[in-house]
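Novice: Per numbering that gives the first Met the number 0, the sequence shown starts with residue 0, numbered consecutively.
For each residue, glycine too, the CB sits at the ideal point set by N, CA and C.
Structure below; questions to follow.
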Amino acid sequence: MLAPALPALRNRYFALRHGSSRANARGIIVSDPRRGQRAFGLTPGGRIEVLDTMARWRHGTPLVVCSPFLRARQTADIAHATLCCGEPVTVDARLRERCFGTLEGRPTACYEDVWTADARDPAHRLHDVEPAVAVRARTVALIGELEAVHTARCILLVAHGDTLQLLWTAFAGLEASAHRGRTPLRPGGLEELRRRRAA
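Structure below.
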């Protein structure tokens, strides 16, 4: 699959990983939208993580765009309320969790098997997972649409570990296979996605 190009950027983008969820607490994979959109929301500690992160926000009032999974929607709602955003939260399925196929409900230790395969071939479908290149393509497509509509905005993207890692590779000018090449955001973690300038 040919990786779509990241467009020229007129806006600033920030990635916020959802706070610790009930799936995290149980150590299980919840990636099927039929489960994740209805259940496995934030733990009390996860809510505190997000509140603590938002207390350090210093970038004005953002447009908040989030995954439809419950844990991400709850995170986005906390951010939205804390930052007194006037516009409603936008839910976009392209920020959803990566689908981990037959690993659904299995221990999170199973992620390692997928990530090892990603490094060899980011288009693989081991365990019927959503290919890394497909996750990256859908998130880059979202950035393209946001760029077509907005100018000089601060946009807060609320999503999941793999989803944000794969979007980061597009900003960093790396292949999708490199998404585990840096420390991932912790639950409730925030960072600005900066486009790497060509040497």
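#1: What are the start and end residues of the alpha helix (DSSP H) that includes LEU165?
#2: Assuming VAL134 contacts THR74 (C-beta within less than 8 Å), just tell me the rounded distance between them.
#3: For VAL90, write down the residues that DSSP places opposite it in a beta bridge.
#4: Give the DSSP-derived three-state secondary structure of PRO106 in the structure shown.
#5: Using the Cβ count rule (16 or more neighbours within 10 Å means buried), how would you classify HIS79?
#6: Report the CB separation of SER66 from LEU102 in whole angstroms; it is logged as a contact under 8 Å.
#7: Would the beta-carbon of GLY35 fall within 9 Å of that of SER19?
#8: Mapping DSSP to helix, strand and coil, what is ALA136?
#9: Which of the three DSSP states is assigned to VAL157 in this structure?
#10: What are the residues that DSSP puts in a beta bridge with ILE211?
#11: With DSSP collapsed to three states, give me the class of GLU174.
#12: Are the CB atoms of PRO106 and HIS178 nearer to each other than 9 Å?
#13: Given this structure, state the Cα-to-Cα distance separating VAL90 from VAL64, to the nearest angstrom.
#14: What is the DSSP secondary structure of ARG34, counted as helix, strand or coil?
#15: Give the range of the beta strand (DSSP E) segment to which ARG11 is assigned.
#16: Is DSSP giving MET0 helix, strand or coil here?
Specialist: In terms of the structure at hand:
#1: In the sequence shown, counting from the first residue as 1, residue 165 sits at position 166. Run containing LEU165: 160-171, per the alpha helix (DSSP H) assignment.
#2: Start at 1 with the first residue of the sequence shown, and residue 134 comes out as number 135. Start at 1 with the first residue of the sequence shown, and residue 74 comes out as number 75. Rounded, the Cβ-Cβ distance is 19 Å, inconsistent with contact.
#3: For the purposes of this step, residue 90 is taken as the residue at position 91 of the sequence shown. As DSSP reads the structure, VAL90 sits in a beta bridge with CYS65.
#4: Taking the sequence shown and counting its residues from 1, one reaches residue 106 at position 107. Of the three classes helix, strand and coil, the one that applies to PRO106 here is strand, per DSSP.
#5: Stepping through the sequence shown from its first residue, residue 79 is reached at position 80. Buried.
#6: In the sequence shown, the residue the question calls residue 66 occupies position 67. In the sequence shown, the residue the question calls residue 102 occupies position 103. 19 Å between Cβ atoms; not a contact.
#7: Along the sequence shown, read from residue 1 onward, the residue named residue 35 stands at position 36. Along the sequence shown, read from residue 1 onward, the residue named residue 19 stands at position 20. No, the Cβ-Cβ distance between GLY35 and SER19 is not below 9 Å.
#8: The count along the sequence shown starts at 1 and reaches residue 136 at position 137. The answer is helix: DSSP assigns ALA136 an H, G or I state.
#9: The residue you call residue 157 lines up with position 158 of the sequence shown. The answer is strand: DSSP assigns VAL157 an E or B state.
#10: In the structure as shown, the chain starts at 0 and stops at 198, and residue 211 therefore has no counterpart that could be examined.
#11: Numbered from 1 along the sequence shown, position 175 holds the residue referred to as residue 174. The answer is coil: DSSP assigns GLU174 none of H, G, I, E or B.
#12: If you number the sequence shown from 1, residue 106 lands on position 107. If you number the sequence shown from 1, residue 178 lands on position 179. Against a cut-off of 9 Å, the Cβ pair of HIS178 and PRO106 comes out as no contact.
#13: Mapped onto the sequence shown, residue 90 falls at position 91. Mapped onto the sequence shown, residue 64 falls at position 65. Between VAL90 and VAL64, the alpha-carbon positions lie close to 6 Å from each other.
#14: What you label residue 34 is simply residue 35 of the sequence shown in a count that begins at 1. In the structure shown, ARG34 sits in a helix (DSSP, three-state: H, G or I).
#15: Taking the first residue of the sequence shown as position 1, residue 11 is located at position 12. Residues 11-16.
#16: As a first step, residue 0 is located in the sequence shown; it is residue number 1 there, counting from the start. In this predicted model, MET0 has a pLDDT of only 49, less than 50, meaning its place in the structure is not dependable enough to derive any value.
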